[in-house]
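Asks:
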Amino acid sequence: MTQTLSQLENRGAFIERHIGPDAAQQQEMLNAVGAESLNALTDQIVPKDIQLATPPQVGEAATEYAALAELKAIAGRNKRFTSYIGMGYTAVQLPPVILRNMLENPGWYTAYTPYQPEVSQGRLEALLNFQQVTLDLTGLDMASASLLDEATAAAEAMAMAKRVSKLKNANRFFVASDVHPQTLDVVRTRAETFGFDVIVDDAAKALDHQDVFGVLLQQVGTTGEIHDYSALITELKSRKVVVSVAADK
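Heads up: the sequence shown at position 104 corresponds to 91 in our numbering, and the numbers run straight through without jumps.
1) Give a yes or no on contact between the stretch 149 to 165 and the stretch 124 to 132, applying the rule of three or more CB pairs nearer than 8 Å.
2) Looking at A148 and F200, is the spacing between their C-beta atoms short of 8 Å?
3) Within its chain, find whatever has a CB closer than 6 Å to the CB of A132; leave out the 5 residues flanking it on each side and keep chain order.
4) For F183, count neighbouring Cβ atoms within 10 angstroms of its own Cβ and tell me buried if that reaches 16, exposed if not.
5) Extract the residue ranges of the beta strand (DSSP E) inside the stretch 134 to 186, only unbroken runs of 3 or more that lie entirely within it.
6) Beta carbon of L194, beta carbon of V230: below 8 Å?
7) Assign A19 to one of two classes, buried (16 or more other C-beta atoms within 10 Å of its C-beta) or exposed (fewer than that).
8) In the structure shown, what three-state DSSP assignment does S231 receive?
9) Can you tell me which of the three DSSP states F200 falls into?
10) Between E212, T210, D235, A191, which lies nearest to E222 when the distance is taken from Cα to Cα?
11) What's the gap between the Cα of Q197 and the Cα of V187?
12) Need the endpoints of the alpha helix (DSSP H) that Y52 sits in, please.
13) What distance in whole Å lies between the Cβ atoms of A146 and R175, which are believed to be in contact at a cut-off of 8 Å?
14) What three-state label does DSSP hand Q205 in the structure shown?
15) Could you give the distance in angstroms between the alpha-carbon of A157 and the alpha-carbon of V202?
16) Helix, strand or coil for D188? Go by DSSP, reduced to three states.
17) What residue from D215, A144, V207 has the CA that sits closest to V228's CA?
18) For V173 and A141, which I take to be in contact (beta-carbon distance under 8 Å), what is that distance rounded to the nearest angstrom?
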């Protein structure tokens, strides 16, 4: 008698291996808390208004290969179009060696215990590696990759610019008009809580505005343009204005 690999699978082994208590042990614990079953225990402790009337239909267990094949078939029903959205969203080619050894490195998300994957520690290591590579490539004295998104980083740059600025009476923050709109939204929200005035204008006009403690530029711009800001930044620094650049790739 021949059997397929799927027929040889013991799909209940995972539960036995990781959950632990057998039926007798479960019943002993249920007796101790005065519940007839796990469902009865759930009814006792979970409010009725957040319980599902019927259990979710999740289907039978499947192998990783079968699950990926099903997901690929579902995704294949999508129509793929060329994206012209701009705003920093660009298609990239990610080499498999980087994908596997950086983004999918199991050492960064393997669990110490069955219930607690330490992905946060893996992310910290990845960020530290990224910072060091950035220092090596750019020759900067310092690089920080501790923030999760560009918009939040830009808002933090604005706050830091105000703290370190020597122009103590200045209360205006200049944002170049080709900064990504999602970044500008977060900067404006944070500026409102700080009481800063945000000026949005063409980068070339940054020198025309008074009482500015900081400037935010975008490289590459939201329209895809690449700018040479070296002369502008040099002049802004000579006026003791703190300059930040939101850069990608």
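Each residue gets a CB set at the ideal place from its N, CA and C atoms; glycine is no exception.
Replies: To lay it out plainly:
1) no
2) Along the sequence shown, one-based indexing puts residue 200 at 213. Along the sequence shown, one-based indexing puts residue 148 at 161. Closer than 8 Å, so yes.
3) As a position in the sequence shown, residue 132 is number 145, starting the count at 1. So the qualifying residues of the chain are L114, F117, Q118.
4) Taking the sequence shown and counting its residues from 1, one reaches residue 183 at position 196. Under this definition F183 is a buried residue.
5) 159 to 163
6) Taking the first residue of the sequence shown as 1, we reach residue 194 at position 207. Taking the first residue of the sequence shown as 1, we reach residue 230 at position 243. For L194 and V230, no; Cβs fall outside 8 Å.
7) Your numbering for residue 19 matches position 32 in the sequence shown. Classification for A19: exposed.
8) As a first step, residue 231 is located in the sequence shown; it is residue number 244 there, counting from the start. Three-state result, S231: strand.
9) Position 213 of the sequence shown holds residue 200. The answer is strand: DSSP assigns F200 an E or B state.
10) Walking along the sequence shown from the start, residue 222 turns up at place 235. Nearest option by C-alpha distance: A191.
11) On the sequence shown, residue 197 is found 210 positions in, with the first residue counted as 1. On the sequence shown, residue 187 is found 200 positions in, with the first residue counted as 1. C-alpha separation (whole angstroms): 13 Å.
12) Residue 52 sits at position 65 when you count from the first residue of the sequence shown. Unbroken alpha helix (DSSP H) run through Y52: 51 to 62.
13) Here residue 175 is taken as the residue at index 188 of the sequence shown, counted from 1. Here residue 146 is taken as the residue at index 159 of the sequence shown, counted from 1. In fact, because the Cβ distance is near 13 Å, the residues do not count as touching under 8 Å.
14) Mapped onto the sequence shown, residue 205 falls at position 218. Residue state, collapsed to three classes: strand.
15) The residue given as residue 157 occupies position 170 in the sequence shown. The residue given as residue 202 occupies position 215 in the sequence shown. A157 and V202: Cα-Cα distance of roughly 12 Å.
16) For the purposes of this step, residue 188 is identified with residue 201 of the sequence shown, where counting begins at 1. Three-state result, D188: strand.
17) Locating residue 228 in the sequence shown gives position 241, counting from the first residue. Minimum Cα distance to V228 is reached at A144.
18) Counting from 1 along the sequence shown, the entry for residue 173 is found at position 186. Counting from 1 along the sequence shown, the entry for residue 141 is found at position 154. Yes, V173 and A141 are in contact; Cβ-Cβ is about 7 Å, under 8 Å.
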